[in-house]
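Asker: Before we start, here is the structure in question, set down as structure tokens.
Residue numbers (the numbering used here): 468 to 902.
Take a look at the structure:
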């Protein structure tokens with residue numbers, strides 16, 4: 468839930484820097500990022516993939532959509548893994564951070580012609596094709612630039628992953644990919660084979676996000692391997708790659724646990740190896756795309772309490788509303804799909820009795836709720852600091868300027884030192900867009 472260098476004792480601290488010091492120096496709200504923890508989690512997934520698949524281990528592609536900025540892209544370059552991007556903007560950040568284009572994988576269900584042109588011109592390693600239109604677009608761009616572009620086909624294996632419907636991506640009625648069951652996947656295969664400027668390397672599937680068990684990943688692997696076998700039987704050649712996507716879940720609440728990299732990869736390897744043996748296939752190179760599982764626990768959000776209000780409910784009970792200086796503009800997930808978080812008093816300890824509370828933001832929406840139900844200390848007052856863990860994934864990346872609120876900064880902390888890697892927006896930034 469918290470990153471490895473956070474301590475929640477007398478006062479919450481990260482790498483020995485107290486929360487109150489961070490608030491004083493950088494203001495609130497702010498995303499506080501544990502750089503050492505990010506590097507450790509990235510290495511753990513990379514090692515787990517290598518240990519499980521050996522010589523058949525492909526690439527760990529960090530999913531940029533979870534959170535990316537130029538400095539994080541530099542860390543990814545240093546660590547040596549790849550990156551998965553799904554827009555021209557994410558590609559621009561990856562390239563600015565110095566990531567080798569050969570280690571960039573381009574996703575997206577509606578890549579524009581301009582985005583595809585930019586990706587091919589940059590020399591990206593892989594483009595994951597999501598529609599029949601994209602087959603023509605990528606083939607045309609590759610021909611224009613005189614290259615043979617390596618691609619994967621994104622497939623929907625027909626799995627109801629155990630997650631919220633808004634972040635489940637592998638069932639049939641979804642905007643992503645080509646359905647295996649309906650025959651759309653096979654039609655896409657045949658279309659790709661018509662283009663000499665495309666090299667089909669294999670298949671890709673991403674079954675959803677925040678999945679906390681391995682069964683869905685295993686079923687997806689089985690169905691992809693079966694299609695590899697069908698391809699071999701039809702065309703007398705084996706495709707060499709499978710990308711099994713990401714979606715590995717993390718702990719948001721006390722008592723929850725992160726999906727473990729080693730055991731997750733081991734379970735996948737057992738299924739892939741068994742299915743390949745059953746179909747008499749060579750084991751393909753296996754790649755994965757963790758995003759949330761890496762960056763999610765490495766950040767927390769630091770808020771300052773602004774107002775407190777006790778509200779009497781219909782049953783005569785009381786709920787305390789604790790308003791903080793952020794809200795749905797820096798954490799949209801609770802409003803989007805009822806995501807749950809926890810929080811702690813960060814600037815001091817308290818032995819006061821805890822009471823039923825609701826942490827809300829400053830936006831003009833009843834649904835601007837950070838945490839719907841939490842027991843907080845009865846003596847919390849304006850000026851106190853609250854910290855919400857595990858906000859690294861889809862916090863800053865989904866942040867908005869609703870009500871013209873500037874987006875918070877990201878502060879990286881390592882070895883007892885803190886620095887800004889993504890600055891706080893200002894009102895001048897907001898006004899600068901007006902003509």
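Backbone N, C-alpha and C define an ideal beta-carbon position, used for all residues, glycine too.
Quick caveat: nothing in here was measured; it's all calculated off a predicted structure.
Residue 856 bridges to which residues according to DSSP?
Answerer: In DSSP, residue 856 forms a bridge with 767.
Asker: For residue 660, write down the residues that DSSP places opposite it in a beta bridge.
Answerer: Partner(s): none; residue 660 has no beta bridge.
Asker: Taking residue 599 as the reference, give the member of 658, 815, 848 and 670 with the closest Cα.
Answerer: Residue 599 has its Cα closest to that of 658, out of 658, 815, 848 and 670.
Asker: Spell out a yes or no on whether the region 681-690 and the region 759-771 are touching, meaning 3 or more CB-CB pairs, one atom from each, closer than 8 Å.
Answerer: Judged by Cβ distances under 8 Å, the region 681-690 makes no contact with the region 759-771, as fewer than three pairs qualify.
Asker: Which of the three DSSP states is assigned to residue 861 in this structure?
Answerer: Here residue 861 sits in coil by DSSP.
Asker: Would you kindly work out how many angstroms separate the C-alpha atoms of residue 762 and residue 553, rounded to a whole number?
Answerer: C-alpha separation (whole angstroms): 17 Å.
Asker: Is DSSP giving residue 600 helix, strand or coil here?
Answerer: Helix, per DSSP.
Asker: Using three-state DSSP, classify residue 517 as helix, strand or coil.
Answerer: Helix, per DSSP.
Asker: Applying the 10 Å Cβ sphere with the 16-neighbour rule, what's the burial state of residue 902?
Answerer: Exposed is the call here.
Asker: Can you confirm whether the region 522-533 touches the region 754-761 when touching is taken to mean that 3 or more C-beta pairs between the two stretches lie within less than 8 Å?
Answerer: A contact exists between the region 754-761 and the region 522-533.
Asker: Is residue 718 helix, strand or coil by DSSP?
Answerer: The answer is coil: DSSP assigns residue 718 none of H, G, I, E or B.
Asker: What are the boundary residues of the beta strand (DSSP E) that residue 570 is part of?
Answerer: Where residue 570 is concerned, there is no enclosing beta strand (DSSP E), given that its DSSP letter is neither H nor E.
Asker: Just list the alpha helix (DSSP H) runs in the region 515-590, keeping only unbroken ones of 4 residues or longer that don't cross its boundaries, in chain order.
Answerer: Runs found: 537-546, 555-563 and 580-589.
Asker: For residue 585, which residues of its own chain have a beta-carbon under 7 Å away from its beta-carbon, when the five flanking residues on both sides are left out?
Answerer: For residue 585, where only same-chain residues beyond five positions count, the Cβ hits under 7 Å are 555 and 558.
Asker: Could you check whether the region 826-842 touches the region 792-805, counting it as contact only if at least three pairs of C-beta atoms, one from each stretch, sit closer than 8 Å?
Answerer: Touching, yes.
Asker: Please go through the region 769-799 and give each complete beta strand (DSSP E) segment of 3 or more residues, from N-terminal end onward.
Answerer: Runs of the beta strand (DSSP E) inside the region 769-799: 785-791.
Asker: Determine whether the beta carbon atoms of residue 672 and residue 764 lie at a separation below 9 Å.
Answerer: No, these two residues do not count as a Cβ contact at 9 Å.
Asker: Consult DSSP for residue 478 and reduce its assignment to one of helix, strand or coil.
Answerer: In this structure, residue 478 counts as coil in the three-state DSSP scheme.
Asker: Going straight from the alpha carbon of residue 587 to that of residue 551, what length do you get?
Answerer: Each residue's Cα considered, the two are about 15 Å apart.
Asker: To the nearest angstrom, how far is the alpha carbon of residue 529 from that of residue 619?
Answerer: Distance between the alpha carbons of residue 529 and residue 619 is about 17 Å.
Asker: One question on the structure: do residue 471 and residue 501 come within less than 9 Å of each other, judged by their Cβ atoms?
Answerer: It is a contact, given that the beta carbons lie within the stated cut-off.
Asker: Quick check: what's the CA-CA separation for residue 487 versus residue 792?
Answerer: Between residue 487 and residue 792, the C-alpha separation is close to 15 Å.
Asker: Measuring alpha carbon to alpha carbon, tell me which residue in 718, 493, 687 and 596 is nearest residue 668.
Answerer: Taking only the C-alpha atoms, the option nearest residue 668 is 596.
Asker: Going by Cα to Cα distance, which pick from 879, 662 and 544 is closest to residue 604?
Answerer: Comparing Cα-Cα distances from residue 604 to each of 879, 662 and 544, the minimum goes to 662.
Asker: Taking only the alpha-carbon atoms, compute the straight-line gap between residue 735 and residue 741 and give it to the nearest angstrom.
Answerer: Rounded to whole angstroms, residue 735 to residue 741 spans 10 Å at the Cα level.
Asker: CA-CA distance, residue 724 and residue 468?
Answerer: When rounded, the distance between both Cα atoms is 8 Å.
Asker: Output the distance between the C-alpha atoms of residue 546 and residue 509, rounded to the nearest integer angstrom.
Answerer: Near 8 Å, if we compare the C-alpha coordinates of residue 509 and residue 546.
Asker: How is residue 642 classed by DSSP in three states: helix, strand or coil?
Answerer: In the structure shown, residue 642 sits in coil (DSSP, three-state: anything other than H, G, I, E or B).
Asker: Name the residue from 543, 542 and 617 whose alpha carbon lies nearest to the alpha carbon of residue 574.
Answerer: When each option's Cα is compared against that of residue 574, the closest is 617.
Asker: Buried or exposed for residue 702, please, with buried defined as at least 16 other CB atoms from any protein chain shown within 10 angstroms of its CB.
Answerer: The residue is exposed, with fewer than 16 neighbouring Cβ atoms inside 10 Å.
Asker: With DSSP collapsed to three states, give me the class of residue 828.
Answerer: Three-state DSSP puts residue 828 in coil, outside helix and strand.
Asker: Taking the C-alpha atoms as reference points, what is the distance between residue 859 and residue 700?
Answerer: For residue 859 and residue 700, the distance between alpha carbons rounds to 44 Å.
Asker: When the Cα atoms are used, what is the spatial distance from residue 543 to residue 818?
Answerer: Answer to the nearest angstrom: the Cα atoms are 42 Å apart.
Asker: Does the ligand GTP have even one heavy atom less than 8 Å from the beta-carbon of residue 492?
Answerer: As presented, the structure is devoid of all ligands, the ligand GTP included, so that no description of it is given.
Asker: Can you tell which of 607, 612, 568 and 579 has its C-alpha closest to the C-alpha of residue 593?
Answerer: When each option's Cα is compared against that of residue 593, the closest is 568.
Asker: Measure the C-alpha to C-alpha separation of residue 666 and residue 829 and round it to an integer number of angstroms.
Answerer: Cα to Cα, residue 666 sits roughly 51 Å from residue 829.
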